[in-house]
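Sequence positions in the sequence shown follow the UniProt record's numbering and run 1 to 225.
Backbone N, C-alpha and C fix where the C-beta goes; we use that ideal spot for every residue, glycine too.
Fair warning: this is a prediction, and the values are worked out from it, not measured in the lab.
To start, the structure itself, in structure tokens.
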Amino acid sequence: MMVYYKSANFVNVGYGADMKEAWFGGAKPPLAEKNSCINLPYIIDGDDIITQSNTCCLYLGKKLGIDDEALFFTNHTVLDQTMDLRNDLMKIVYPFGSVKNKEEFPAAAKDHLAGSATVNLTKLEGFCKGPYMCGSAPQSGDFALFEMLDQHQSICKSIGEPDILDQHPKLKALHAAMKGDAALSKYFASDCYSKWAQNNGLLTHFTGQASDFEYGPTVEEQVTF
Ligand SMILES: N[C@@H](CCC(=O)N[C@@H](CS)C(=O)NCC(=O)O)C(=O)O
């Protein structure tokens, strides 16, 4: 999303239903030799191999000229607070915790919306300077947060709950501002935004897609502007 925002040409790789072969048995081992922390997501930029979502956000924020150094710590708080929400969301969208199957997902999602999501979004709402988290321009944290806002909205819709962003007007406005930003129109029209699973399609209870969604093969595409 950040690379689209800056119209920088890049190769977009999304691992699919064949991820056991394509990722774990394919791309991962040689990357792990260069960066032992490697996981998804990652960035290859020349000799730099970057991984961990927040590190990737900060890397692109700096490299693409999105992040303002004067806002570093405020933006970092946004990334961390958003990661707290993401980590709690992961507990219900995958079967590793107490939510064992898709049938149990709606009730667990309702509890999550009333619990962790409300706690974290209330903190972020209070921290939002407007229209973006740190003021007039989006920083890397806004992109990470956007994904969480978008996914929580889509969870509300899928389980018939009112939009959780209605309780957080600044965050709702931030989400709308990003959706309406012409610099992101190509991103929102892309398959990776609208057609790919929001979580690992092999395991998740919630893809954000229709119930007949089929997790496709690994995709590698050159994105040019
Ligand atoms: N804390 C990590 C968590 C990312 C994560 O859970 N990645 C999974 C996505 S399915 C992954 O990389 N799985 C494959 C692997 O571990 O190699 C981050 O923010 O990057």
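Residue i by DSSP, collapsed to three states: which one?
| i | result |
| --- | --- |
| residue 69 | helix |
| residue 214 | coil |
| residue 222 | strand |
| residue 78 | helix |
| residue 93 | helix |
| residue 135 | strand |
| residue 145 | helix |
| residue 206 | coil |
| residue 119 | helix |
| residue 61 | helix |
| residue 128 | coil |
| residue 3 | helix |
| residue 87 | helix |
| residue 190 | coil |
| residue 168 | coil |
| residue 163 | coil |
| residue 100 | coil |
Using the DSSP secondary-structure output, state which residues sit across from residue i in a beta bridge.
| i | result |
| --- | --- |
| residue 42 | 51 |
| residue 26 | DSSP lists no partner for residue 26. |
| residue 12 | 221 |
Closer than 7 Å by C-beta to residue i: which residues in its own chain qualify, once you throw out the five before and the five after it? Chain order, please.
| i | result |
| --- | --- |
| residue 37 | 51 and 52 |
| residue 183 | 5 |
| residue 125 | 168, 170 and 171 |
| residue 131 | 173, 174 and 177 |
Below 8 Å between beta carbons: does that hold for residue i and residue j?
| i | j | result |
| --- | --- | --- |
| residue 245 | residue 89 | There is simply no residue 245 to check, as the chain begins at 1 and stops at 225 in what is shown. |
| residue 153 | residue 198 | no |
| residue 114 | residue 85 | no |
| residue 144 | residue 79 | yes |
| residue 16 | residue 223 | no |
| residue 66 | residue 148 | no |
Using 8 Å for Cβ pairs, my map puts residue i next to residue j. What's the rounded Cβ distance?
| i | j | result |
| --- | --- | --- |
| residue 201 | residue 207 | 6 Å |
| residue 12 | residue 192 | 6 Å |
Using a Cβ-Cβ cut-off of 6 Å (strictly less than) and excluding sequence neighbours within five positions of residue i, which residues of its own chain qualify?
| i | result |
| --- | --- |
| residue 159 | 106 and 109 |
| residue 128 | 170 |
| residue 18 | 217 and 218 |
Looking only at its chain, what residues have a beta carbon closer than 8 Å to the beta carbon of residue i, apart from the 5 residues adjacent to it on each side?
| i | result |
| --- | --- |
| residue 49 | 31, 34, 35, 38, 42 and 43 |
| residue 64 | 2, 3, 5, 6 and 8 |
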